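Have a look at the structure below before the remarks.
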Amino acid sequence: MSYQPIFAQFWEKVKESIENKTYAKLTLAKTIGDTDLKNIYVRPVLLENDVFALSLTAKYKTEEIESTHTLDEAFMVLAPFINNPFLTALLFTTENDVTFKLNKKRVGSIVEQAPTFKNASNVILEMKEKGIEI
1153 MSYQPIFAQF WEKVKESIEN KTYAKLTLAK TIGDTDLKNI YVRPVLLEND VFALSLTAKY
1213 KTEEIESTHT LDEAFMVLAP FINNPFLTAL LFTTENDVTF KLNKKRVGSI VEQAPTFKNA
1273 SNVILEMKEK GIEI
């Protein structure tokens, strides 16, 4: 069974957390072996005219590369990194922590736990204040 449909379900939870203004942060982590790419951090940003976007920061051994994408573009950019090299995606919201994991057989699962963060990201709070919808 492919893990892609489960990652798509996970991404729906990411979208819901942004729409519900509970999003704190998202991290792709736990690589397979010793890879050059160590993590990808996903933060919300407001561009000119209060346009919402996601900032992706790819942390490599020797450098960081940052790029900005729409919500749908971010999914297309991040999806290929699942299983190559990342086995885990962690979504932190004010309601719960949602973890997408791939096991050794590359079967995906989603686990929800109590929230780590009490507050949404500053950009999400600013959007809430300004009444900006996604």
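Position in the sequence shown (first residue = 1) + 1152 = our numbering. From the three backbone atoms N, C-alpha and C, an ideal C-beta is built for every residue, glycine too. Predicted, not measured: the structure shown is a model, and the values here were computed from it.
Distance between residue j and residue i (C-alpha atoms, nearest Å)
{"i": "N1255", "j": "V1275", "result": "33 Å"}
{"i": "F1162", "j": "T1246", "result": "16 Å"}
{"i": "Q1310", "j": "Y1175", "result": "Residue 1310 lies beyond the range of the chain shown here (1153 to 1286); nothing can be said about it."}
{"i": "G1185", "j": "N1236", "result": "10 Å"}
{"i": "K1165", "j": "L1198", "result": "20 Å"}
{"i": "V1177", "j": "S1169", "result": "For the sequence presented, residue 1177 should be read as Lys rather than Val. Roughly 10 Å separates the two Cα atoms."}
{"i": "G1260", "j": "L1230", "result": "15 Å"}
{"i": "E1278", "j": "L1208", "result": "19 Å"}
{"i": "I1234", "j": "G1283", "result": "33 Å"}
{"i": "Y1212", "j": "T1240", "result": "17 Å"}
{"i": "N1248", "j": "K1182", "result": "20 Å"}
{"i": "D1297", "j": "L1180", "result": "Not covered by the structure: residue 1297. The range shown for the chain is 1153 to 1286."}
Enclosing beta strand (DSSP E) for residue i [first to last residue]
{"i": "S1261", "result": "1260-1265"}
{"i": "K1253", "result": "1249-1254"}
Buried or exposed (CB count within 10 angstroms, at least 16 for buried), residue i
{"i": "V1263", "result": "exposed"}
{"i": "I1192", "result": "buried"}
{"i": "S1219", "result": "exposed"}
{"i": "V1250", "result": "buried"}
Strand pairing of residue i, partner residues [DSSP]
{"i": "F1244", "result": "K1177, D1249"}
{"i": "F1162", "result": "DSSP output for F1162 lists no bridge partner at all."}
{"i": "I1170", "result": "Answer by DSSP bridge pairing: none, since I1170 is not bridged."}
{"i": "F1238", "result": "T1183, I1234"}
Residue i: first and last residue of the uninterrupted alpha helix (DSSP H) it sits in
{"i": "E1278", "result": "1274-1282"}
| Which ranges does the alpha helix (DSSP H) cover as unbroken runs of at least 4 residues, wholly within the segment 1178-1232, from first to last along the chain? | 1223-1230
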